[in-house]
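*Asks:*
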Amino acid sequence: GQQVMQIPQYQHVQEGEDFTTYCNSSTTLSNIQWYKQRPGGHPVFLIQLVKSGEVKKQKRLTFQFGEAKKNSSLHITATQTTDVGTYFCAGPGWDTGNQFYFGTGTSLTVIP
Amino acid sequence: DTAVSQTPKYLVTQMGNDKSIKCEQNLGHDTMYWYKQDSKKFLKIMFSYNNKELIINETVPNRFSPKSPDKAHLNLHINSLELGDSAVYFCASSLRWGQQNEKLFFGSGTQLSVL
Numbered sequence: 001g002q003q004v005m006q007i008p009q010y011q012h013v014q015e016g017e018d019f020t021t022y023c024n025s026s027t028t029l030s031n032i033q034w035y036k037q038r039p040g041g042h043p044v045f046l047i048q049l050v051k052s053g054e055v056k057k058q059k060r061l062t063f064q065f066g067e068a069k070k071n072s073s074l075h076i077t078a079t080q081t082t083d084v085g086t087y088f089c090a091g092p093g094w095d096t097g098n099q100f101y102f103g104t105g106t107s108l109t110v111i112p
Numbered sequence: 113d114t115a116v117s118q119t120p121k122y123l124v125t126q127m128g129n130d131k132s133i134k135c136e137q138n139l140g141h142d143t144m145y146w147y148k149q150d151s152k153k154f155l156k157i158m159f160s161y162n163n164k165e166l167i168i169n170e171t172v173p174n175r176f177s178p179k180s181p182d183k184a185h186l187n188l189h190i191n192s193l194e195l196g197d198s199a200v201y202f203c204a205s206s207l208r209w210g211q212q213n214e215k216l217f218f219g220s221g222t223q224l225s226v227l
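Protein chains in written order, with the working numbering: chain W, 1 to 112; chain A, 113 to 227.
Listed below in structure tokens is the structure:
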């Protein structure tokens with residue numbers, strides 16, 4: 001299957017600092033999705049990006065899809081303790097319908 | 113009214129045993145999946161089912177046998193459990209197969225520990 005890498009793997013920030021996670025695919029993606037998994041919980045869908053260069057915002061979260069549709073980023077402004085969790089990007093396989101391959105994930109810890 | 117429900121939540125068993133995990137979704141979705149999450153939180157697709165038919169098996173050992181009696185249920189049976197099978201197993205569903213803008217709804221997971 002295709003490879004979707006995320007960096008960093010772990011990030012510790014002080015509450016109020018910004019946070020960014022980057023997602024890189026080995027192949028061009030038709031779209032990319034982001035999920036959040038709280039500690040002990042299950043992944044929950046956050047957003048989907050479809051267009052090249054697309055930027056979407058959800059309150060303090062900004063999602064971006066690269067021009068070449070091979071990378072994406074999630075930026076959180078002024079982190080809060082409720083942002084703690086693991087953030088995954090996920091992209092569909094071109095030859096496998098809507099079977100989504102998940103990135104390696106970035107675990108965010110927010111220090112109060 | 114949990115959308116995707118899995119049982120059991122925890123499963124502790126000895127090496128060599130056989131165990132099953134059940135999953136049900138009440139969303140009316142056509143497509144269901146099994147994902148395995150290892151200790152490093154890497155989420156790996158195992159199986160995809162559409163309308164109770166197996167679509168994709170991602171090179172999973174044949175000790176793992178999924179069964180879908182109807183499109184709302186996807187169970188996972190594991191034979192001859194090995195230490196390396198210890199992980200969290202997530203069931204998920206999406207509305208339709210073949211639509212690349214579908215989002216996944218996950219169950220709460222089953223933590224399997226093989227001793």
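C-beta: ideal position from N, C-alpha, C; glycine also. Please read all numbers here as calculations on a predicted model, not as lab measurements.
(1) Is the distance from the Cβ of residue 159 of chain A to the Cβ of residue 178 of chain A below 9 angstroms?
(2) Let me know the secondary structure DSSP gives residue 182 of chain A once reduced to three states.
(3) Answer with buried or exposed for residue 4 of chain W, where buried requires no fewer than 16 other C-beta atoms within 10 angstroms of its C-beta.
(4) Label residue 136 of chain A either buried or exposed according to how many other C-beta atoms from any shown protein chain fall within 10 Å of its C-beta, with 16 as the threshold for buried.
(5) What residue from W/32, W/42, W/58, W/36 has the CA that sits closest to residue 51 of chain W's CA?
(6) What is the DSSP secondary structure of residue 193 of chain A, counted as helix, strand or coil?
(7) CA-CA distance, residue 176 of chain A and residue 124 of chain A?
(8) How about residue 217 of chain A: is its C-beta nearer than 9 angstroms to some C-beta of chain W?
(9) Do we get a CB-CB distance below 9 angstroms when we pair residue 176 of chain A with the residues of chain D?
(10) Please return the same chain residues whose Cβ sits closer than 7 angstroms to the Cβ of residue 119 of chain A, not counting the five positions on each side in sequence.
(11) Just by C-beta distance, which residues in the region 187-213 of chain A are closer than 7 angstroms to chain W?
(12) If you follow the beta strand (DSSP E) that residue 136 of chain A is in, where does it begin and where does it stop?
(13) Label residue 16 of chain W either buried or exposed according to how many other C-beta atoms from any shown protein chain fall within 10 Å of its C-beta, with 16 as the threshold for buried.
(14) If contact is defined by three or more beta carbon pairs under 8 angstroms, each pair taking one atom from either stretch, is the region 189-204 of chain A in contact with the region 83-92 of chain W?
(15) For residue 66 of chain W versus residue 86 of chain W, is the C-beta spacing smaller than 9 angstroms?
(16) Within 9 angstroms of any Cβ in chain A, is that where the Cβ of residue 53 of chain W sits?
(17) Excluding the 5 residues flanking residue 14 of chain W on each side, which residues of the same chain have their C-beta closer than 7 angstroms to its C-beta?
*Replies:* The answer reads as follows:
(1) Yes. Within cutoff.
(2) Strand.
(3) Classification for residue 4 of chain W: buried.
(4) Its Cβ being crowded by 16 or more others within 10 Å, residue 136 of chain A is buried.
(5) Comparing Cα-Cα distances from residue 51 of chain W to each of W/32, W/42, W/58, W/36, the minimum goes to W/32.
(6) Three-state result, residue 193 of chain A: coil.
(7) So the two alpha carbons sit approximately 17 angstroms from each other.
(8) For residue 217 of chain A, the answer is yes, since a Cβ of chain W falls inside 9 angstroms of its Cβ.
(9) Going by chain labels, chain D is absent from the structure shown, which instead holds the protein chains W and A.
(10) Spatial neighbours of residue 119 of chain A in its own chain (CB-CB distance under 7 angstroms, excluding positions within 5 residues in sequence) are listed in chain order as 134.
(11) Listed in sequence order: 202, 206, 209, 210, 211, 212, 213.
(12) Here the beta strand (DSSP E) through residue 136 of chain A covers 131-137.
(13) Exposed, since its Cβ has fewer than 16 Cβ neighbours within 10 Å.
(14) At 8 angstroms Cβ cutoff, the stretches do not touch.
(15) Taking 9 angstroms as the Cβ cut-off, residue 66 of chain W and residue 86 of chain W do not qualify as a contacting pair.
(16) At a cut-off of 9 angstroms between beta carbons, residue 53 of chain W makes no contact with chain A.
(17) Around residue 14 of chain W: 111.
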